[in-house]
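Peer 1: Each residue of the sequence shown is one higher than the one before, starting from 0 at the first, in numbering that gives the first Met the number 0.
One structure, as structure tokens, below. Some questions next.
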Amino acid sequence: MSALIEKLNWRYATKKMDPTKSVPEDKVERIVEAARLAPTSSGLQPFEVIVVTNKDVRAKIQEIAWNQAQVTDGSHLLVFAAWDNYTADRINRMFDLVNEERGFTNEGWENYRQMLLNSYPGRDAQVNFEHAARQAYIGFGMSVAQAAFEGVDATPMEGFDPAKLDEILGLREKGLRSVTILPLGYRADEGDWLVNLKKVRRPKDEFVSVVA
Ligand SMILES: Cc1cc2nc3c(=O)[nH]c(=O)nc-3n(C[C@H](O)[C@H](O)[C@H](O)COP(=O)(O)O)c2cc1C
Numbered sequence: 000m001s002a003l004i005e006k007l008n009w010r011y012a013t014k015k016m017d018p019t020k021s022v023p024e025d026k027v028e029r030i031v032e033a034a035r036l037a038p039t040s041s042g043l044q045p046f047e048v049i050v051v052t053n054k055d056v057r058a059k060i061q062e063i064a065w066n067q068a069q070v071t072d073g074s075h076l077l078v079f080a081a082w083d084n085y086t087a088d089r090i091n092r093m094f095d096l097v098n099e100e101r102g103f104t105n106e107g108w109e110n111y112r113q114m115l116l117n118s119y120p121g122r123d124a125q126v127n128f129e130h131a132a133r134q135a136y137i138g139f140g141m142s143v144a145q146a147a148f149e150g151v152d153a154t155p156m157e158g159f160d161p162a163k164l165d166e167i168l169g170l171r172e173k174g175l176r177s178v179t180i181l182p183l184g185y186r187a188d189e190g191d192w193l194v195n196l197k198k199v200r201r202p203k204d205e206f207v208s209v210v211a
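Structure follows, in structure tokens:
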């Protein structure tokens, strides 16, 4: 079995974390870096990650997250927040950055920029947010996998009130809307009903088909 698959079998949506254990900063950095390296549509990276360690802030978040204890029992809480809309500024910033970093411009690339500028900013903001949120999920998945790779426990979560989380973190003022959260920590020795249960997935023949 490959090392990654082994780790993906090891990981589970941790229900009870040990509040006395803290995830080292270098591991947290790599878990966030995996999200930064995620592929995104047109490379726009339309989301950000907020790392919340402050206990009081996490206690407030727990209240609007179905009171899920992992939010405060973990040591770090990652919040994945997507752009609330695609604007010309945001699109241009990414295309300009690519030109700066690569040191050249290219007609095909500039035509592609114009195509996006002619379509995305004119669309409904909600449609654009939902597209951006789908990209945030890709980063979220990468962080879930990297956490497992690091031997760090994590609970992927949608079980919270996004509007209230946006308010707590002041996200709307920054043009962001929360999408998912990911508490990081270490599983508790006792009190986790899921830890010893078999991981259940649909059988492969119901999941994958081949067109050869
Ligand atoms: C987008 C998303 C949202 C989820 N929300 C929650 C949540 O709010 N609370 C929770 O305990 N688990 C949550 N889960 C965990 C899933 O229930 C879990 O991943 C699934 O049952 C498979 O189990 P496993 O991750 O332990 O293999 C979420 C998972 C995903 C991917």
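Ideal placement from N, C-alpha and C gives every residue a C-beta, glycine not left out.
Label R176 either buried or exposed according to how many other C-beta atoms from any shown protein chain fall within 10 Å of its C-beta, with 16 as the threshold for buried.
Peer 2: Along the sequence shown, one-based indexing puts residue 176 at 177. Buried, because 16 or more other Cβ atoms sit within 10 Å of the Cβ of R176.
Peer 1: In the structure shown, what three-state DSSP assignment does V199 receive?
Peer 2: For the purposes of this step, residue 199 is taken as the residue at position 200 of the sequence shown. DSSP places V199 in coil when its eight states are reduced to three.
Peer 1: Specify whether the segment 180 to 199 and the segment 68 to 84 touch according to this definition: at least 3 beta carbon pairs, one from each stretch, less than 8 Å apart.
Peer 2: Because the criterion of three Cβ pairs below 8 Å is met, the segment 180 to 199 and the segment 68 to 84 touch.
Peer 1: Between the C-alpha atoms of D152 and Y11, what's the straight-line distance to the nearest angstrom?
Peer 2: The residue given as residue 152 occupies position 153 in the sequence shown. The residue given as residue 11 occupies position 12 in the sequence shown. Each residue's Cα considered, the two are about 8 Å apart.
Peer 1: Nearest to V50 by alpha carbon, out of D95, G158, L168?
Peer 2: In the sequence shown, residue 50 corresponds to position 51, counting from 1. Comparing Cα positions, the closest option is L168.
Peer 1: Identify which residue in K173, V199, S40 has its Cα closest to the Cα of A80.
Peer 2: Residue mapping note: residue 80 aligns to position 81 of the sequence shown, counting from 1. Here the closest residue by C-alpha is K173.
Peer 1: Can you tell which of P18, A64, W82 has its C-alpha closest to the C-alpha of V48?
Peer 2: Within the sequence shown, numbered from 1, the residue matching residue 48 stands at position 49. Measuring from the Cα of V48, the nearest candidate turns out to be W82.
Peer 1: Out of V56, A37, E28, K14, point me to the one whose CA is closest to G140's CA.
Peer 2: Walking along the sequence shown from the start, residue 140 turns up at place 141. Closest option to G140, Cα to Cα, is A37.
Peer 1: Taking only heavy atoms of ligand 1 into account, decide whether any of them is closer than 7 Å to the Cβ of E157.
Peer 2: Indexing the sequence shown from 1 puts residue 157 at position 158. Result yes, Cβ under 7 Å from ligand 1.
Peer 1: By DSSP's criteria, H75 is part of a beta bridge. Which residues make up the other side?
Peer 2: By 1-based counting over the sequence shown, the position of residue 75 is 76. Its beta-bridge partners are L183.
Peer 1: Could you tell me whether the Cβ atoms of T179 and E157 are closer together than 8 Å?
Peer 2: Locating residue 179 in the sequence shown gives position 180, where the first residue counts as 1. Locating residue 157 in the sequence shown gives position 158, where the first residue counts as 1. Yes, Cβ-Cβ distance for T179 and E157 is below 8 Å.
Peer 1: Can you tell which of E106, A34, K198, R200 has its C-alpha closest to the C-alpha of R133?
Peer 2: For the purposes of this step, residue 133 is taken as residue 134 along the sequence shown, with counting starting at 1. Nearest of E106, A34, K198, R200 to R133, Cα basis: A34.
Peer 1: Buried or exposed: which applies to L43, given that a residue is buried once 16 or more other Cβ atoms fall within 10 Å of its Cβ?
Peer 2: On the sequence shown, position 44 is the one that residue 43 refers to. Its Cβ being crowded by 16 or more others within 10 Å, L43 is buried.
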